[in-house]
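Beneath this line is the structure, given in structure tokens, with notes to follow.
In my numbering, the protein residues as written are 3 to 277.
Rendered as structure tokens:
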């Protein structure tokens with residue numbers, strides 16, 4: 003069976019390692035590139051030190067300290083042990099994902115496909131690499147939910163049926179490239195935002211691997227997105243939004259919601275297919 007030569011660009015959290023491991027099993031992995039941190043400039047530093055940004059970052063830090071106590075994400079994705087990469091020998095660390103070293107690595111390795119999950123926005127020369135292009139796993143259903151915290155916003159907007167992830171090709175926009183698949187997780191009455199997001203990622207790892215196999219067989223996946231939808235930014239999510247959703251979930255918002263796992267594929271010949 004033909005296997006695509008893939009280069010993986012991913013984050014370092016448990017969910018990112020889980021997806022990277024699934025991709026390594028699906029294709030011939032050449033390298034796993036991880037960011038160690040962005041470059042700091044005076045302009046960027048001054049922006050982060052603005053009072054409004056400091057307040058937002060402080061309460062998000064406190065919120066995440068509470069939500070991640072005991073490392074629940076690691077236990078969700080790696081219930082039998084510590085989070086780890088199966089192919090840790092392939093790891094290359096870079097300052098940021100658009101560093102010239104990453105572009106050079108892609109040109110040296112000549113991968114069929116570059117697979118992305120959990121990195122900074124891909125920009126510049128890197129967009130031109132990969133024989134078949136660059137595919138990304140986005141934590142929302144594009145185009146309606148693009149950008150950050152899309153599971154949160156789908157719940158906040160009263161649309162639990164629109165919680166999910168999108169597998170798509172990367173272009174110069176933010177989550178605007180051609181659609182490959184929509185993956186929507188099972189929704190249960192006692193679910194939290196994080197559990198729904200993690201379950202969507204877990205399901206998406208299988209779909210991502212399947213997409214690599216289908217592309218390796220020459221299947222034509224990908225359709226232009228039907229509109230621009232909405233782009234959510236980190237700064238849009240405030241404390242009042244957090245409190246409102248917490249109250250709704252506590253009052254049984256999902257009590258009568260029973261949704262199964264759903265996957266929709268997008269090909270060049272048809273608008274979609276449910277599996």
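Beta carbons: idealized from backbone N, C-alpha and C, even for Gly.
- Measuring C-alpha to C-alpha distances from residue 168 to each of 108, 145, 158 identifies 145 as the nearest.
- In this structure, residue 189 and residue 256 form a Cβ contact; the two beta carbons are roughly 6 angstroms apart against a cut-off of 8 angstroms.
- The closest CA to that of residue 184, considering only 206, 262, 176, is found on 206.
- Per DSSP, the unbroken alpha helix (DSSP H) holding residue 241 starts and ends at 241 to 252.
- In the displayed model, residue 269 falls within a strand according to three-state DSSP.
- Contact check for residue 157 against residue 247 passes: the beta carbons are separated by less than 7 angstroms.
- One alpha carbon belongs to residue 24, the other to residue 31, and they sit about 11 angstroms apart.
- Excluding the 5 residues flanking it on each side, residue 19 has same chain C-beta neighbours closer than 6 angstroms at 85, 87, in chain order.
- If you ignore the 5 residues before and after residue 202, its C-beta comes within less than 8 angstroms of the C-beta of 141, 153, 165, 166, 167, 185, 186, 187, all in its own chain and listed in chain order.
- In the three-state reduction of the DSSP assignment, residue 31 falls in the strand class.
- Assignment of beta-bridge partners to residue 168 by DSSP yields 140, 184.
- For residue 118, the enclosing beta strand (DSSP E) covers residues 115 to 119.
- No Cβ-Cβ contact shorter than 7 angstroms links residue 7 with residue 36.
- Residue pairing by DSSP places residue 10 opposite 34, 117 in a beta bridge.
- Here residue 93 is bridged, per DSSP, to 34.
- The alpha carbon of residue 269 has as its nearest neighbour, out of 225, 235, 238, the alpha carbon of 225.
- With a cutoff of 7 angstroms on beta-carbon distance, residue 10 and residue 22 are scored as near each other.
- By the neighbour-count definition (other C-beta atoms within 10 Å, threshold 16), residue 155 is a buried residue.
- Between residue 114 and the set 130, 121, 101, 126, the nearest pair of CA atoms involves 130.
- Bounds of the alpha helix (DSSP H) holding residue 204 are 195 to 218.
- Put simply, the backbone Cα of residue 71 is about 11 angstroms away from that of residue 64.
- 7 angstroms or more divides the Cβ of residue 12 from the Cβ of residue 78.
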